[in-house]
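Structure first, commentary second.
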C-alpha cells in the first residue's frame with residue numbers, strides 16, 4: 001500500500017482511537033472499535049498494526065497501564081480496584097503486566113513514586129501516525145560502541161520540558177564553540193541521566209539532561225560544565241528523520257510502543273541522542289540517532305561505532 005493511501009486512513013484510525021480513549025475503562029470489542037473506522041475487524045486490525053506498530057490489544061493494555069500509573073501516584077485507590085477498572089481479571093495479572101511495562105510492581109511504584117517516563121503510553125493522534133510513517137525507523141539497528149568521556153552542560157528537567165531542553169542546547173552551543181574531538185568531529189550528545197554527582201535535581205522526580213561533546217584532556221572542563229563517562233557496550237539505535245518538532249513522537253513510539261513490546265522493562269544505563277553533520281540546528285531538522293543500552297548479552301559482536 002502506498003504512503004499516500006495509508007495517509008488517507010488516518011482520520012478513520014483516529015476516530016477509532018478516540019472511541020478507545022472514551023471507553024478505556026470498559027470492555028470493548030474489536031468489532032465495536034473497527035466500526036468507528038468503517039473497517040471490518042480484520043482489515044482494521046491490519047491497518048492499525050501497519051500504522052502504529054502494535055496490535056489493538058497491545059495499545060489498549062499500555063494505555064490502561066499508563067492511566068493506572070497515574071492513579072497509583074495521584075490517589076489512594078486500592079490496587080485491586082485499579083486492576084479491575086483496567087479490565088484485568090485479577091490483581092496478579094495486573095501486577096505482572098505493570099511490572100513488564102514499568103520495571104516494578106504497582107505497590108513499589110506507589111511507594112517510590114518515580115518520575116514519569118516515556119514508557120508511559122500517550123494517546124495516538126493523526127500527527128503521531130504521520131510522524132511514524134515519515135520520521136522514524138520503527139526497527140532499531142544493533143550496534144556496539146566503545147566507552148567515551150564527554151563534557152557538557154547539565155540541567156534538571158521533567159519529561160514535559162522539551163522546549164527548555166532545546167534552550168539548553170542553544171546555551172551549550174555558544175559555550176562550547178571551538179571545543180571538538182578528533183575521534184568524533186562534529187558529534188554531540190544529549191544524555192538522559194537518573195543522577196549525576198555534580199548536579200542536584202530541582203524537583204523530586206526530575207532527571208538530568210546533559211548536552212555534551214567528547215572530552216579532550218588538553219582542553220579541560222569549561223566553566224559551569226561537568227564530565228561523564230558514557231559506557232561502551234551494545235545499543236539499540238533508532239533514527240529520527242525530519243523536523244525537530246516531530247522528535248517527541250519518535251521518542252513516544254520508542255518508549256511507549258517498542259520498548260514495552262520488546263519486554264525489556266526498565267533500561268540499565270544511560271540512553272542518549274547523538275547528533276552529527278546530518279542534523280541542521282539552524283533549520284531544526286535532519287537525522288537524530290537515539291541509542292538505548294541493550295541488556296541482551298547475546299548481542300555482543302556487532303559493529304563498534306565511534
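In full-length UniProt numbering, the protein residues as written are 1 to 306.
Using N, Cα and C, we set each Cβ at its ideal position, and we do this for glycine too.
Residue i versus residue j - alpha carbon distance
i: residue 187; j: residue 212; result: 9 Å
i: residue 85; j: residue 68; result: 9 Å
i: residue 70; j: residue 294; result: 28 Å
i: residue 30; j: residue 202; result: 45 Å
i: residue 193; j: residue 228; result: 10 Å
i: residue 118; j: residue 257; result: With a pLDDT of only 43 at residue 118, under the threshold of 50, the placement of this residue in the model should not be trusted; the figure read from the coordinates follows. The alpha-carbon atoms of residue 118 and residue 257 are separated by roughly 10 Å.
i: residue 214; j: residue 158; result: 25 Å
i: residue 83; j: residue 128; result: 28 Å
i: residue 162; j: residue 251; result: 11 Å
i: residue 24; j: residue 273; result: 33 Å
i: residue 13; j: residue 53; result: 13 Å
i: residue 177; j: residue 144; result: 29 Å
i: residue 19; j: residue 147; result: 47 Å
i: residue 43; j: residue 255; result: 27 Å
i: residue 90; j: residue 79; result: 10 Å
i: residue 35; j: residue 45; result: 11 Å
i: residue 48; j: residue 124; result: 11 Å
i: residue 189; j: residue 126; result: 30 Å
i: residue 164; j: residue 94; result: 36 Å
i: residue 277; j: residue 72; result: 44 Å
i: residue 195; j: residue 101; result: 22 Å
i: residue 279; j: residue 239; result: 11 Å
i: residue 37; j: residue 55; result: 15 Å
i: residue 32; j: residue 130; result: 24 Å
i: residue 265; j: residue 218; result: Only weak support is given to the placement of residue 265: the predicted model assigns it a pLDDT of 48, under 50, and the question is left unresolved by the model.
i: residue 99; j: residue 28; result: 24 Å
Where residue i falls, given that 16 or more other Cβ within 10 Å makes a residue buried
i: residue 263; result: Note that residue 263 scores 47 on pLDDT, short of 50, meaning its location in the model is unreliable; the coordinates nonetheless yield the value given after this. By the 10 Å Cβ count, residue 263 comes out exposed.
i: residue 301; result: Low per-residue confidence applies at residue 301: pLDDT is 49, beneath 50, and the placement is therefore not dependable enough to give any value.
i: residue 246; result: buried
i: residue 206; result: buried
i: residue 315; result: For the chain, the structure presents residues 1 to 306; residue 315 sits outside this window and is missing.
i: residue 26; result: exposed
i: residue 249; result: buried
i: residue 92; result: exposed
i: residue 21; result: exposed
i: residue 290; result: buried
i: residue 220; result: exposed
i: residue 66; result: buried
Contact check, residue i vs residue j, beta carbons under 9 Å
i: residue 179; j: residue 216; result: yes
i: residue 222; j: residue 173; result: no
i: residue 281; j: residue 169; result: yes
i: residue 16; j: residue 39; result: yes
i: residue 110; j: residue 87; result: no
i: residue 230; j: residue 166; result: no
i: residue 288; j: residue 244; result: yes
i: residue 105; j: residue 237; result: no
i: residue 138; j: residue 59; result: no
From the options, residue whose alpha carbon lies closest to that of residue i
i: residue 155; options: 232, 197, 32; result: 197
i: residue 10; options: 143, 42, 51, 20; result: 51
i: residue 232; options: 123, 225, 269, 239; result: 269
i: residue 241; options: 284, 230, 144; result: 284
i: residue 271; options: 191, 253, 277; result: 191
i: residue 199; options: 101, 46, 153; result: 153
i: residue 113; options: 277, 75, 218; result: 75
Anticipated Cβ contact below 8 Å, residue i with residue j, distance rounded
i: residue 209; j: residue 292; result: About 16 Å; that fails the 8 Å criterion.
i: residue 61; j: residue 108; result: The Cβ separation is near 20 Å, so there is no contact.
i: residue 225; j: residue 151; result: 6 Å
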